Amino acid sequence: MDTNKELELAKDFVNNTNRSIFLTGKAGTGKTTFLHNLKKDSLKRLVVVAPTGVAAINAKGVTIHSFFQLPFGPILPDAELSNSGGFNKKFSKTKIDIIKSMDLLVIDEISMVRADVLDAIDKTLRRYRTRDKVFGGVQVLMIGDLQQLSPVIKDNEWQLLKSYYQTGFFFSSRAYQEANTITIELRHIYRQENPKFIQILNEIRTNTLSAEAAEELNKRYIKDFSPDPKEGYIELTTHNNRAERANSAELEALSSKERTYRAKIEGKFPEFSYPNSEEVKLKVGAQVMFIKNDSSPEKRYFNGKIGKVILLDKDEVVVSCPDDDFNIVTTPEVWENITYTVHPETKAITEDKIGSFTQMPLRLAWAITIHKSQGLTFEKAIIDAQGAFAHGQTYVALSRCKSLEGLVLKSKIDSNQIINDVHVTSFNKTAEAQQPNETILHSAIATFQLEGIQEVFDFYPFLFPINRLLDVFYKNRGSITGRMEEPLITVKDVLPNLLKVSSSFNNQLKQLSDTDVLPEQNTILQERFMKAKAYFKSETEIKIIAALNALSYTTDNKAIEKEIEKQLDTLEELLIVKRSYFNGFNDGFTTHEFLALRAKSIFLKKEAPKKTKTTVVDGTVNIELFELLRELRNEIATENDLIHYQIFTQKALYEICEVLPTNKKELLEINGFGKVRVDKYGSRILEVIRAYCDENNIETDDSLDFQEPVASKKKVKKGDSHKLSLELFKAGKSISEIAKERELAETTIFGHLAKFVTTGEVEVTALISETHYEELRQLIPKQTYENLTDLKTKLDQKYSYNDIKLVLETLNTK
């Protein structure tokens, strides 16, 4: 079989470069076959979308509007995503991961995609990927023929869009003009073989129909042509109502009994995507067309094959086709509606069936609209192009036929029926003159490989989050406590050197690049790559990751906290990608491994444990007291219908944990505490502090009276106090009753009694529910944690600090 050089070129550009491609070609040149083969064979992670539901089902993809969650009306290019009426619906995490990890977006039937829709796709991809790269850095393959069906744009829609676009076609979009897209035109025609007919179609396609070609074509005009029913002619007409009237009239004229076949619809399958009528009415003698390729191994029929019904049964239809020496027993076929998801183990982008449409793959075929005939091939057809009203209709109709001899015209073809858009003609001429060759392909492959290597060592994306974090810290340092400045400065200081080394390395790459040898096969370049990988890995681990691991902070301000977490999450994602690269490429750089590692890193970030950012205060050893006071603050705030920082600020909380005030006068000296606040909340705050000090054998002052002078701190006899609490507990009093009687906090009494659990004098289940005790005994040993606070954040909120401490003590004792 002869090699199709354009198809091979297209395959190489798709698989081995990152150039966006417009794959076009006349009707019957194999564009659809190319797409199906690409889905089977490509190593890239790809998603297929199409402008209409039926086109998406046929391409085994999804609609553009459903995948990108776009509105159906005009999308003005200057509008923000959130202001475009449904444009900015929240994307699921799965869809975001698919967008971030895919290498290739395929848009089938691109001729029907409006310019503003392609710009909306670009805007969405930038949003979730790289903002300063067209299509977010995703390679886009656009498949279609501009001389066929064009986008549907209503007059009122064009009034809104014409200020932004020269035409409604996709090539007028801002994204397409920025994308440096290459056009590959498939030239070999598989559908027609007659050179004369091919020449006529070409002239109609380019609106250059010569008098000689018109004369030859119009020889196929046969006045009042009445086909022999056995020959299987189908009429192609411009309007849907004409086709429906013709089919209904022919069916009605048959005297045989009518049978109805009802579709079986399961799961999600929207009506606008139905590939056939929900009810198919047939009679023996009806002319029908197969609308799907045979899914059985025999491949007895194909999409567009014409035949006649000779037998109807409950679950099957027998069809006889001209020139076949066998009858086709037809049973229902299944069309699947899919969605894209990520395989939980392999992380591959997979197609998940969410619905199905099961129906006889047949429709009445005495007539069909030109629009529905796109993509089909007919042996014999009657063309009614007199009412042609849209760009490309006449060409689509005529090009459905395999031969000039199988074509009959209902009226003669003249220039009035050939409607071509001048902008399309101009675009096609320019694109045809720029068809790429092997030299351009080699250059594109080399560029793709070099850009991949450069991305491995690119630290420029780190600059914004680091500078943003420092900016937030300096502007709000009064509201943030912890250790932030020093780690961030450390990272900021190391980045310029990494950027400098990276830039120098990129210059070396260009010098080492051989015009004849691709980077992957360049031995010297690969040696430099491995050395660079070792250097950048070491610098990243020692200077960036170590510094960020030392960072800790806490703040009352939720807006500040949200912004800090957002930027730290960005840094975390960037580092996961870098570590993925630096731990891979053990045998040198390859684009295949580069794409795999980049995709894998998207899912590594999901599996990475979340670093605790807001619960650890660096610099204080009294972390447990910090958390106890935070709980008390939230409790008081709830009781008084206040915001938590109106009780006391985070800065005050930090200071309390350092100073450990044990009377009202000392509490008054804490930043932010005035007399009113101390009078309102001081007693409860001091109770918690004293209980904590009592529990941890820290010297305290007994005075809680604001008027009393500060006495020297003295040692409390803790053993006697503990025993007194034990005696009252054994006498049948509850913890709250003991606390009230002794004028101590309940947490203090709990701490007293907990000491006697390890001696066996108090049953552990007397202080904690048996359910919580058994659950925590199982859960705690499975956790890795730095301290009590860290452990609490990893457990369910239903377990209190006291519960956890108590179980920890019993586990440690055992």
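Here full-length UniProt numbering is used: the first residue of the sequence shown is 1, the next is one more, and so on.
Glycine included, each C-beta is placed from N, C-alpha and C at the ideal position.
It should be emphasised that the depicted structure is a prediction, and the values quoted were computed from it without experimental measurement.
Item to complete: For the beta strand (DSSP E) holding GLU775, just list the boundary residues, first then last.
Response: As a working note, residue 775 is residue 775 in the sequence shown. Element bounds for GLU775: not the beta strand (DSSP E) but the alpha helix (DSSP H), 770-779.
Practice prompt. Enumerate in chain order the residues of its own chain whose CB-to-CB distance from SER111 is below 7 Å, with the five nearest sequence positions on each side excluded.
Written response: The residue labelled residue 111 in the question sits at position 111 within the sequence shown. Taken in chain order, the residues that qualify are GLY144, ASP145, LEU146, GLN148, LEU149 and SER150.
Discussion item. Between the segment 252-262 and the segment 338-356, can you find at least three pairs of beta-carbon atoms closer than 8 Å?
Written reply: no
Worksheet item: Buried or exposed: residue 815, going by 16 or more other Cβ atoms within 10 Å of its Cβ?
Response: A question about residue 815 goes unanswered here, because the residues of the chain that appear run from 1 up to 814.
Worksheet item: Rounded to whole angstroms, how far is the Cβ of THR377 from the Cβ of GLY304, which I believe are closer than 8 Å?
Response: Along the sequence shown, one-based indexing puts residue 377 at 377. Along the sequence shown, one-based indexing puts residue 304 at 304. Contact between THR377 and GLY304 holds, since their C-beta atoms are separated by about 5 Å, short of 8 Å.
Worksheet entry | Classification of GLY732 by the beta-carbon crowding that lies within 10 angstroms, buried from 16 upward | One-based indexing of the sequence shown puts residue 732 at position 732. Under this definition GLY732 is an exposed residue.
Practice prompt. Taking all protein chains shown into account, decide if ARG262 is buried (16 or more other Cβ within 10 angstroms of its Cβ) or exposed.
Written response: On the sequence shown, position 262 is the one that residue 262 refers to. So ARG262 ends up on the exposed side.
Practice prompt. Report the option in LYS281, ASN802, GLN177 and VAL762 whose CA atom is closest to the CA atom of LYS730.
Written response: One-based indexing of the sequence shown puts residue 730 at position 730. Considering only alpha carbons, the answer is VAL762.
Worksheet item: Grouping DSSP H, G and I as helix and E and B as strand, with all else coil, what is LEU441?
Response: Residue numbering aside, residue 441 sits at position 441 when the sequence shown is read from its first letter. If DSSP states are grouped into helix, strand and coil, LEU441 belongs with the helices.
Worksheet item: Relative to the C-alpha of VAL280, which residue among ARG363, ALA211, THR430 and ALA532 is closest?
Response: For the purposes of this step, residue 280 is taken as residue 280 along the sequence shown, with counting starting at 1. Considering only alpha carbons, the answer is ARG363.
Discussion item. On the DSSP letters alone, give me the boundaries of the beta strand (DSSP E) that ASP384 sits inside.
Written reply: Taking the sequence shown and counting its residues from 1, one reaches residue 384 at position 384. From DSSP, the beta strand (DSSP E) with ASP384 extends over 381-384.
Worksheet entry | Terminal residues of the alpha helix (DSSP H) in which LYS264 lies | The residue you call residue 264 lines up with position 264 of the sequence shown. Counting along the chain, LYS264 falls outside any alpha helix (DSSP H), though it belongs to the beta strand (DSSP E) covering 264-267.
Worksheet item: When you compare each of THR3, GLU485, ARG19 and LYS5 to GLN449 by their alpha carbons, which one comes out closest?
Response: Locating residue 449 in the sequence shown gives position 449, where the first residue counts as 1. Ranking THR3, GLU485, ARG19 and LYS5 by Cα distance to GLN449 puts ARG19 first.
Discussion item. Do LYS412 and TYR233 have their beta-carbon atoms positioned less than 8 Å apart in this structure?
Written reply: In the sequence shown, residue 233 corresponds to position 233, counting from 1. In the sequence shown, residue 412 corresponds to position 412, counting from 1. Their beta carbons are not under 8 Å apart, which means TYR233 does not touch LYS412 by this criterion.
Worksheet item: CA-CA distance, THR32 and PRO229?
Response: On the sequence shown, position 32 is the one that residue 32 refers to. On the sequence shown, position 229 is the one that residue 229 refers to. In a straight line, the C-alpha of THR32 is about 31 Å away from that of PRO229.
Worksheet entry | Residues near SER712 in its chain [Cβ-Cβ closer than 6 Å; skip 5 each side] | In the sequence shown, the residue the question calls residue 712 occupies position 712. Bear in mind that a pLDDT of 37 at SER712, under 50, signals an unreliable position, so the model cannot answer this.
Worksheet item: DSSP on ALA367, reduced to helix/strand/coil?
Response: Looking up residue 367 in the sequence shown gives position 367. Reduced to three states, the DSSP call for ALA367 is strand.
Worksheet item: From which residue to which residue does the alpha helix (DSSP H) around ASP122 run?
Response: As a position in the sequence shown, residue 122 is number 122, starting the count at 1. Looking at the DSSP string, the run of the alpha helix (DSSP H) that includes ASP122 is 115-128.
Discussion item. My assumption, with CB atoms under 8 Å, is that LEU282 sits in contact with ASP384. Please give the rounded CB distance.
Written reply: Translated into the one-based positions of the sequence shown, residue 282 becomes position 282. Translated into the one-based positions of the sequence shown, residue 384 becomes position 384. 24 Å between Cβ atoms; not a contact.
Practice prompt. From the DSSP output, in three-state form, read off VAL757 for me.
Written response: As a position in the sequence shown, residue 757 is number 757, starting the count at 1. In this structure, VAL757 counts as coil in the three-state DSSP scheme.
Worksheet item: Near LEU105, what residues of its chain come up, given a Cβ to Cβ distance below 6 Å and the 5 sequence neighbours on each side ignored?
Response: In the sequence shown, residue 105 corresponds to position 105, counting from 1. If we look at LEU105 and ignore the five residues flanking it on each side, its Cβ neighbours are VAL47, VAL138 and VAL140.
Worksheet entry | Three-state secondary structure assigned by DSSP to THR183 | Sequence index remark: in the sequence shown, residue 183 carries index 183 (1-based). If DSSP states are grouped into helix, strand and coil, THR183 belongs with the strands.
Fill in: GLN393 beta carbon less than 8 Å from that of ILE370
Numbered from its first residue, the sequence shown carries residue 370 at position 370. Numbered from its first residue, the sequence shown carries residue 393 at position 393. The Cβ-Cβ distance between ILE370 and GLN393 falls below 8 Å.
Fill in: Host beta strand (DSSP E) of MET142 (start-end)
On the sequence shown, position 142 is the one that residue 142 refers to. MET142 -> beta strand (DSSP E) spans 139-143.
Item to complete: Note down the Cα distance separating SER163 from PHE170, rounded to an integer number of angstroms.
Response: Taking the sequence shown and counting its residues from 1, the one referred to as residue 163 is at position 163. Taking the sequence shown and counting its residues from 1, the one referred to as residue 170 is at position 170. In this structure, the straight-line span from the alpha carbon of SER163 to that of PHE170 is close to 15 Å.
Fill in: Residues sharing a beta bridge with LEU407, DSSP
For the purposes of this step, residue 407 is taken as residue 407 along the sequence shown, with counting starting at 1. According to DSSP, LEU407 bridges with ALA381.
Worksheet item: Hey, would you say LEU779 sits closer than 8 Å to ASP803, going by beta carbons?
Response: Along the sequence shown, read from residue 1 onward, the residue named residue 779 stands at position 779. Along the sequence shown, read from residue 1 onward, the residue named residue 803 stands at position 803. Not a contact, by the Cβ cut-off of 8 Å.
Worksheet item: Between ALA246 and the rest of its own chain, which residues show a CB-CB distance below 6 Å, the 5 nearest in sequence each way excluded?
Response: Residue 246 sits at position 246 when you count from the first residue of the sequence shown. Closer than 6 Å at Cβ, skipping near neighbours: TRP366 and ALA367.
Worksheet item: Is the CB-CB distance between THR553 and ILE480 below 8 Å?
Response: Looking up residue 553 in the sequence shown gives position 553. Looking up residue 480 in the sequence shown gives position 480. It should be pointed out that residue 553 corresponds to Tyr in this sequence rather than to Thr. Taking 8 Å as the cut-off, the Cβ atoms of TYR553 and ILE480 count as close.
Fill in: Continuous beta strand (DSSP E) assignments of at least 3 residues falling wholly in the segment 277-344
279-283, 287-290, 306-312, 317-320, 327-330 and 333-342
Fill in: Among VAL676, CYS657, LYS680 and ILE689, the one whose alpha carbon lies nearest that of ASN663
The residue you call residue 663 lines up with position 663 of the sequence shown. ASN663 has its Cα closest to that of ILE689, out of VAL676, CYS657, LYS680 and ILE689.
Practice prompt. Throw me the rounded Cβ distance for the VAL62 and SER42 pair, which I believe falls under 8 Å.
Written response: The count along the sequence shown starts at 1 and reaches residue 62 at position 62. The count along the sequence shown starts at 1 and reaches residue 42 at position 42. 17 Å between Cβ atoms; not a contact.
Fill in: Residue range of the beta strand (DSSP E) that includes LYS353
Sequence index remark: in the sequence shown, residue 353 carries index 353 (1-based). Unbroken beta strand (DSSP E) run through LYS353: 349-359.
Item to complete: Using 10 angstroms around the beta-carbon of ILE524, count the other beta-carbons present and answer buried if the total reaches 16, otherwise exposed.
Response: For the purposes of this step, residue 524 is taken as residue 524 along the sequence shown, with counting starting at 1. Exposed.
Practice prompt. Answer yes or no: do GLU627 and TYR801 have a C-beta to C-beta separation smaller than 8 Å?
Written response: Numbered from 1 along the sequence shown, position 627 holds the residue referred to as residue 627. Numbered from 1 along the sequence shown, position 801 holds the residue referred to as residue 801. Cβ atoms of GLU627 and TYR801: closer than 8 Å.
Worksheet entry | Nearest-angstrom Cβ-Cβ length linking LEU753 and LEU726, presumed shorter than 8 Å | Counting from one through the sequence shown, the residue named residue 753 turns up at place 753. Counting from one through the sequence shown, the residue named residue 726 turns up at place 726. The Cβ separation is near 6 Å, so the contact holds.
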